[in-house]
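Reading through the structure tokens given below for one structure.
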Amino acid sequence: MTIDQTKTGLPDDAAPLPCAPAGSDADALEAALADMTRAFSSDFVAGRVGERHNTYQHRTRVLRQLSGQLATLREREAAGH
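Residue numbers (the numbering used here): 4 to 84.
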């Protein structure tokens, strides 16, 4: 049995897309914070928060910490650092 190695590449329509240019750290943190907030809100509405020990306290603390870090990064960006 022989393997035709000419057909091992990706077809043109399945070629990997080039990576988008990276934004600032603050933009990435803001996107992550928005995703985490959305997930937390969804879990809270669905009644999944509080099923385990301290999930509400832990998740709100993480969201507050990330919000503080985002504010600090935005202040640095505004100052030109």
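Positions of the beta carbon are idealized from the N, C-alpha and C atoms, including for glycine.
When we look at the beta-carbon of residue i and count the other beta-carbons within 10 Å, is it buried (16 or more) or exposed?
i	result
Pro19	Because Pro19 carries a pLDDT of 45, less than 50, the predicted location of this residue cannot be relied on, and the following value inherits that uncertainty. Exposed.
Glu80	exposed
Would a C-beta distance cut-off of 8 Å place residue i and residue j closer than the cut-off?
i	j	result
Phe43	Arg55	no
Gly50	Tyr59	no
Leu66	Ala29	no
Taking 7 Å as the cut-off, does the CB of residue i come closer than this to any heavy atom belonging to the ligand FMN?
i	result
Glu54	In the structure on display, the ligand FMN does not appear, and there are no ligands present to speak of.
Provide the residue span of the alpha helix (DSSP H) that contains residue i, from first to last.
i	result
Gly50	Note, Gly50: premise wrong, no alpha helix (DSSP H); not H, not E.
Review point. Would you call the stretch 57 to 72 and the stretch 30 to 38 in contact, with 3 or more CB pairs under 8 Å?
Key: The stretch 57 to 72 is in contact with the stretch 30 to 38.
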